[in-house]
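Undergrad: For reference, the structure I am asking about is given below.
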């Protein structure tokens, strides 16, 4: 890997996770406040994450296995916030702790 | 999965226990294998008597990074060490490294502190050619030994190594340690050792 | 207040005091990069660094002990068993820390023999403390385990959280024994050393702080036990599921076989995923339970824990965990950046949250708020993020110039360390370190005074 590729790839990997986090946070706030604008912000973050993953897959010097790992991760990032939220709501509901905004 | 199962803490407790057990078991198997490879004389780590040989570093078959090479005889401090002597010397070297807390300024295989240079390939560093002249030494080992005993006499740059009161035997032991360590196959670490990137 | 909780307050006091010592040592260590001539051969970088990283481990451990001594009796409805021994252990630990620090500062190093390892310096990172002290710490941990297990036995009660805690303490203790031997072969030494360091901070400590946060959330937000336990088990499964083989990301370059590049890279690449779940959970708690939070600083520090953990360990870690990147970043200031951010996010914030919770109870404050905590929260977090950012710049410069371009030789190291980007990062890191230190001073002031005066603790909550 060249020096420039190093910084570019590492930077993109970090930003990939950061936008995944952004999606998680904004999605959660959107579900909390029941406001579409936050949810849309979350999906926008996820779209950026997918874009970054695409750039990594197409341009980075990583081997195929690692690119597949990135693709798989991006699917996992998509699922984790809604699955977590749904499970949080269910477990709290069962304990009688219901959130009314 | 039924609703009640997923909501049941015991389901997740079973998950936590089984996941942990499986992972620990896999780690155990890999540990047995790795320890075999990294003991002195194993597939990745040469025996301590490698200090009697010339050590190099260059391209290797089926590898995308350089790998250490072990060549013909190249004695250290003019002595041919038996396996027992080499082990004792290297053991002493490690005691020096620990008692002087070298890892709290330097790194070994990249582990330690980052104030001073990494020592993984220090034995092979091209700079020793210059240091042989500076320390008026005939051999690389002699140059390293003189430096270690009186680093304050040979300023490196703005950051200088302190004098840690190494005796001659301790200095020789550390040099032997660094020579042995440079022969360990570290999967290409540190990156591009000895190669300078060309600008296109 | 239980006697155990009085001991907890002692542990918290010692922890916060040592936090300050860590900062002083850190500022000094940082300053050598700016002026390498200071104290040459009198007090060198290595001594400052040893104090900085060893005190880090001790203050966090003391925070964890304090947290458990605080929550345990209420959790089990029973005063902690063996408190007499526990109190002795506390003072012995404090005395040992003082002696060890004194020897590090005034003796510094010995000759290459067993005496030095037993009484002066073992020279292995984080566990430099001489063997006599390592054995002492082992004894203190055993006392702690006796306290926890003995209390559960006497109460004839074990909750899910306490069960996880007890099971976690066994490897936590056993792994520490790795601090004792001196191993000649560096590859073998590092192999086992990483079991201790990784399986402490990326496994058993994660579970321990998870248990502590579970106990804290039940108290802070009144969350039901069933919910907290469910999530604790999920967290343990995910953290250990990714972290045990994630240990392999330390086995890329120490002489171990190549399969570790794949295994370590793969599992540690998964490590951010549970942290994402934690962040979502934190947002949920902030909204759903906000009305019930009666301790604003504790609540904010718990939130900081979730976010700091995700960014410091998750984002920063993912940047450098793939072996193709790590080959260049390993053993550079990039690692330092990640280490500072991850330790802070994963553990520092959590310990501070628990201290505020304990103070609320010990000073009988119905609603804890104020101004000073906000200043310390802001300065500590801005200071830390600033340091991590500055170190990232220096670290990337180092990986770029020294490793990728320069070929990792001595000359390449020197050139990279002298490069403008690197040096600017070092200056900025020092500046943010000062901010962090100011935040610490305000934290201490706040912890000493919050809830003691009517005006501060008497703010009326927005809604109940």
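Residue numbers (my numbering), protein chains in the order written: chain A, 14 to 114; chain B, 97 to 296; chain C, 568 to 1031.
Note that the Cβ used here is the ideal one computed from N, Cα and C, for glycine as well.
By DSSP, does residue 165 of chain B sit in helix, in strand, or in coil?
TA: If you number the second chain from 1, residue 165 of chain B lands on position 69. It is a strand residue.
Undergrad: Would you mind telling me which residues of chain C sit closer than 9 Å to residue 170 of chain B, beta carbon to beta carbon, in chain order?
TA: Residue 170 of chain B sits at position 74 when you count from the first residue of the second chain. Ordered by position in chain C, no residue passes the 9 Å Cβ test against residue 170 of chain B, which lies about 20 Å from the chain.
Undergrad: Identify every residue that forms a DSSP beta bridge with residue 935 of chain C.
TA: Within the third chain, residue 935 of chain C is the residue found at index 368, counting from 1. For residue 935 of chain C, which the question treats as bridged, DSSP gives the partners C/862.
Undergrad: Tell me the DSSP bridge mates of residue 203 of chain B?
TA: Translated into the one-based positions of the second chain, residue 203 of chain B becomes position 107. Looking at the DSSP assignment, residue 203 of chain B forms a beta bridge with B/208 and B/214.
Undergrad: Output the distance between the C-alpha atoms of residue 574 of chain C and residue 118 of chain B, rounded to the nearest integer angstrom.
TA: The residue you call residue 574 of chain C lines up with position 7 of the third chain. The residue you call residue 118 of chain B lines up with position 22 of the second chain. Taking the straight line joining both Cα atoms gives about 38 Å.
Undergrad: Does chain C have any CB closer than 8 Å to the CB of residue 56 of chain A?
TA: As a working mapping, residue 56 of chain A is identified with position 43 in the first chain. Chain C contact via Cβ: absent.
Undergrad: Figure out for me which residue from B/254, B/253 and B/228 has the closest Cα to the Cα of residue 242 of chain B.
TA: Along the second chain, one-based indexing puts residue 242 of chain B at 146. When only C-alpha atoms are compared, the closest one is B/228.
Undergrad: Please classify residue 149 of chain B: does DSSP put it in a helix, a strand, or coil?
TA: Within the second chain, numbered from 1, the residue matching residue 149 of chain B stands at position 53. Strand at residue 149 of chain B.
Undergrad: What does the Cβ neighbour count give for residue 718 of chain C, buried or exposed, with the cut at 16 atoms within 10 Å?
TA: Mapped onto the third chain, residue 718 of chain C falls at position 151. Its Cβ being crowded by 16 or more others within 10 Å, residue 718 of chain C is buried.
Undergrad: Could you name the residues of the same chain whose beta carbon sits closer than 7 Å to that of residue 576 of chain C, not counting the 5 residues immediately before and after it, in chain order?
TA: The sequence position of residue 576 of chain C within the third chain is 9, counting from 1. Excluding positions up to five away in sequence, the list reads 925 and 929.
Undergrad: According to DSSP, what are the bridge partners of residue 595 of chain C?
TA: In the third chain, the residue the question calls residue 595 of chain C occupies position 28. According to DSSP, which records beta bridges pairwise, residue 595 of chain C is partnered with nothing at all.
Undergrad: Reducing DSSP to helix, strand and coil, say where residue 723 of chain C ends up.
TA: Taking the first residue of the third chain as 1, we reach residue 723 of chain C at position 156. Looking at residue 723 of chain C - three-state DSSP - the assignment turns out to be coil, as it is neither helix nor strand.
Undergrad: I need the DSSP call for residue 924 of chain C, collapsed to helix, strand or coil.
TA: Taking the third chain and counting its residues from 1, the one referred to as residue 924 of chain C is at position 357. Three-state result, residue 924 of chain C: helix.
Undergrad: Comparing the C-beta of residue 140 of chain A with each C-beta of chain B, is any distance below 8 Å?
TA: Absent from the model: residue 140 of chain A. The displayed extent of chain A is 14 to 114, so no value can be given.
Undergrad: Can you tell me whether DSSP reads residue 154 of chain B as helix, strand or coil?
TA: The residue given as residue 154 of chain B occupies position 58 in the second chain. In the structure shown, residue 154 of chain B sits in a strand (DSSP, three-state: E or B).
Undergrad: Does the beta carbon of residue 829 of chain C come closer than 8 Å to any beta carbon on chain B?
TA: Taking the first residue of the third chain as position 1, residue 829 of chain C is located at position 262. No, residue 829 of chain C lies away from the interface with chain B (no Cβ there is under 8 Å from its Cβ).
Undergrad: Quick one: any contact between the stretch 708-722 of chain C and the stretch 771-788 of chain C, if contact means 3 or more CB pairs under 8 Å?
TA: These segments do not touch.
Undergrad: Taking residue 633 of chain C as the reference, which of C/670, C/682, C/641 and C/580 has the closest Cα?
TA: Taking the third chain and counting its residues from 1, the one referred to as residue 633 of chain C is at position 66. If we check each option's Cα against that of residue 633 of chain C, C/580 comes out closest.
Undergrad: With 16 as the cutoff for other CB atoms within 10 Å, does residue 174 of chain B come out buried or exposed?
TA: Position 78 of the second chain, counting from 1, holds the residue named residue 174 of chain B. So residue 174 of chain B ends up on the exposed side.
Undergrad: If you drop the 5 nearest sequence neighbours on each side, which residues of the same chain put their C-beta closer than 6 Å to that of residue 704 of chain C?
TA: Within the third chain, the letter at position 137 stands for residue 704 of chain C. Around residue 704 of chain C: no qualifying Cβ.
Undergrad: Pull up the distance between the alpha-carbon of residue 26 of chain A and that of residue 660 of chain C, whole angstroms please.
TA: For the purposes of this step, residue 26 of chain A is taken as residue 13 along the first chain, with counting starting at 1. For the purposes of this step, residue 660 of chain C is taken as residue 93 along the third chain, with counting starting at 1. The straight-line gap from Cα to Cα measures roughly 42 Å.
Undergrad: What residue does the alpha helix (DSSP H) around residue 848 of chain C start on, and which one ends it?
TA: Here residue 848 of chain C is taken as the residue at index 281 of the third chain, counted from 1. Run containing residue 848 of chain C: 839-855, per the alpha helix (DSSP H) assignment.
Undergrad: In whole angstroms, what is the alpha-carbon distance linking residue 916 of chain C and residue 788 of chain C?
TA: Reading the third chain from its first residue, position 349 is the one you call residue 916 of chain C. Reading the third chain from its first residue, position 221 is the one you call residue 788 of chain C. So the two alpha carbons sit approximately 17 Å from each other.
Undergrad: Check whether the Cβ atoms of residue 278 of chain B and residue 220 of chain B sit closer than 8 Å, and answer yes or no.
TA: On the second chain, position 182 is the one that residue 278 of chain B refers to. On the second chain, position 124 is the one that residue 220 of chain B refers to. Yes, the pair counts as a contact, with Cβ atoms nearer than the cut-off.
Undergrad: Bridge partners of residue 172 of chain B, per DSSP?
TA: In the second chain, residue 172 of chain B corresponds to position 76, counting from 1. DSSP output for residue 172 of chain B lists B/175 as bridge partner(s).
Undergrad: Indicate whether residue 172 of chain B and residue 151 of chain B have their beta-carbon atoms separated by less than 8 Å.
TA: Looking up residue 172 of chain B in the second chain gives position 76. Looking up residue 151 of chain B in the second chain gives position 55. No. Outside cutoff.
Undergrad: Measuring CA to CA, which of C/765, C/723 and C/752 is closest to residue 742 of chain C?
TA: Position 175 of the third chain, counted from the first residue, corresponds to residue 742 of chain C. It is C/765.
Undergrad: DSSP three-state label for residue 255 of chain B, please.
TA: Reading the second chain from its first residue, position 159 is the one you call residue 255 of chain B. Three-state result, residue 255 of chain B: coil.
Undergrad: Please report whether the beta-carbon of residue 898 of chain C lies at a distance below 8 Å from any beta-carbon of chain B.
TA: To locate residue 898 of chain C, count along the third chain from 1; it is residue 331. Yes - at least one Cβ of chain B is within 8 Å of the one on residue 898 of chain C.
Undergrad: What three-state label does DSSP hand residue 889 of chain C in the structure shown?
TA: Position 322 of the third chain, counting from 1, holds the residue named residue 889 of chain C. Note: residue 889 of chain C maps to coil in three-state DSSP.
Undergrad: Hey, residue 43 of chain A and residue 33 of chain A: beta-carbon distance below 8 Å or not?
TA: Taking the first chain and counting its residues from 1, one reaches residue 43 of chain A at position 30. Taking the first chain and counting its residues from 1, one reaches residue 33 of chain A at position 20. Against a cut-off of 8 Å, the Cβ pair of residue 33 of chain A and residue 43 of chain A comes out as no contact.
Undergrad: Residue 969 of chain C: buried (16+ other C-beta within 10 angstroms of its C-beta) or exposed?
TA: Taking the third chain and counting its residues from 1, one reaches residue 969 of chain C at position 402. Residue 969 of chain C should be labelled buried.
Undergrad: If you draw a straight line from the alpha carbon of residue 247 of chain B to that of residue 906 of chain C, how long is it in whole angstroms?
TA: To locate residue 247 of chain B, count along the second chain from 1; it is residue 151. To locate residue 906 of chain C, count along the third chain from 1; it is residue 339. The alpha-carbon atoms of residue 247 of chain B and residue 906 of chain C are separated by roughly 31 Å.
Undergrad: Just mark residue 286 of chain B as buried or exposed, buried being the case when its beta carbon has 16 or more other beta carbons within 10 Å.
TA: For the purposes of this step, residue 286 of chain B is taken as residue 190 along the second chain, with counting starting at 1. Buried: at least 16 other Cβ atoms inside 10 Å.
Undergrad: Quick check: residue 912 of chain C and residue 878 of chain C, are their CB atoms within less than 8 Å of each other?
TA: If you number the third chain from 1, residue 912 of chain C lands on position 345. If you number the third chain from 1, residue 878 of chain C lands on position 311. Contact flag set, yes.
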